[in-house]
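J.: Please read through the structure below; I'll follow up with questions.
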Amino acid sequence: MSTIAFDAAAVETGTGQVLLHPLTLTLTQRRVAVIGANGSGKSTLLRLVDALQLPTAGRVHVDGLDTRAEPAAIRSRVGFVFTDPAAQLIMPTLREDVALSLRRSVPRRERAARAAGVLDRFGLTALADRSVFDLSAGERQLGALAVVLAVDPTVLVLDEPSTLLDLRNTLLLRRTLADLDQQVLLSTHDLDLAASCERVLVLEDGAVIADDAGPAAVAFYRRRCAEQLSPGAPGSPGSRSGGPG
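If you use the working numbering, the sequence shown closes out at 1062, no skipped numbers anywhere.
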């Protein structure tokens, strides 16, 4: 399994806003979830792993590779699935999207067969030549996942992958992720999905406030949310000092 290491990694904007406080931890588990309120720093943390975001302080390493020094090597090992699959499905059909993702790693003569195999693996063969605009949200999300996994990354990062999905497709996504060989790091508001992970990080205001096994971390987060809704708690409806999140 891969190793993702944060060494005092922090992210701050040019205006001094802290998006992620200094973070030091190592992730080696097969399934890791990141949970927390919107704006808590989940996406920032995930983007550090794929060098989509570079730390303004500290370092991030994936299998010993420094994201700042070797971003291209990092992206060859780490696959990133965005919340909205439209960010990754840029060709008219899924077959063309998967083939496009293979252009740098697979010889032209082998791409068609490789693309067909990937689509079959995800049960997308019947949809391979249909316009991506005619696919459901769940089908597009699985298509985006197929595009990323076609190049066989060692680490898969997903930013709130079930946000646009109904219950049926959420369950299908869970089953698909459970069967993958890759190390998976994901952010989610689906607490059942988070609880099924070996390790869960709870973020609040850019800081990790809990780091535990799935069920324990989710239970902590539920208690934390309940406490924040108590009358008089900061940010609660009855609090004078609280404001919108």
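All C-beta atoms, glycine included, are put in the ideal place defined by N, C-alpha and C. Since we're looking at a predicted model, the values are computed, not measured.
1) Tell me whether the region 1001-1012 and the region 972-979 touch, counting them as touching only if at least three CB pairs, one residue from each stretch, are closer than 8 Å.
2) Nearest-angstrom Cα distance between Ala933 and Thr942?
3) Who are Leu1018's beta bridge partners in DSSP?
4) Assuming Arg799 is part of the beta strand (DSSP E), what are its boundary residues?
5) The alpha helix (DSSP H) that contains Gln958, what's its start and end?
6) Judging by CA-CA distance, which residue of Thr861, Pro888, Val915, Asp824 is the nearest neighbour of Val949?
7) Report yes if the CB atom of Ala1011 is closer than 7 Å to the CB atom of Val1017, and no otherwise.
8) Expressed to the nearest angstrom, what Euclidean distance is found between the alpha-carbon atoms of Ala961 and Arg1040?
9) Could you tell me which of Leu988, Asp996, Ala954 sits nearest to Ala904, measuring between CA atoms?
10) Of the choices Asp824, Gly833, Gly856, whose alpha-carbon is the least far from that of Asp1022?
11) Could you give the distance in angstroms between the alpha-carbon of Phe823 and the alpha-carbon of Glu887?
12) Examine the Cβ distances between the region 825-838 and the region 866-876 and report whether three or more of them are shorter than 8 Å.
13) Can you give me the C-alpha to C-alpha distance between Cys1042 and Leu862, rounded to a whole angstrom?
14) What residue from Arg926, Ile1026, Gln958, Phe939 has the CA that sits closest to Lys859's CA?
T.: Per the coordinate set shown:
1) Contact annotation: the region 1001-1012 touches the region 972-979, with at least three C-beta pairs closer than 8 Å.
2) Pairing Ala933 with Thr942, the inter-Cα distance amounts to about 7 Å.
3) Answer is Val851, Asp1028.
4) Past the edges of the chain, shown from 818 to 1062, lies residue 799, and the structure says nothing about it.
5) Residues 954-966.
6) For the residues Thr861, Pro888, Val915, Asp824, the minimum Cα distance to Val949 belongs to Val915.
7) Going by C-beta atoms, Ala1011 is nearer than 7 Å to Val1017.
8) Computed Cα separation, rounded: 34 Å.
9) Of the candidates Leu988, Asp996, Ala954, the residue whose Cα lies closest to the Cα of Ala904 is Ala954.
10) Residue Gly856 is the option with its Cα nearest to Asp1022.
11) Approximately 15 Å between the Cα atoms of the pair.
12) Proximity of the region 825-838 to the region 866-876 meets the contact definition, three or more beta-carbon pairs being nearer than 8 Å.
13) The alpha-carbon atoms of Cys1042 and Leu862 are separated by roughly 21 Å.
14) Looking at Arg926, Ile1026, Gln958, Phe939, the one whose alpha-carbon comes closest to that of Lys859 is Ile1026.
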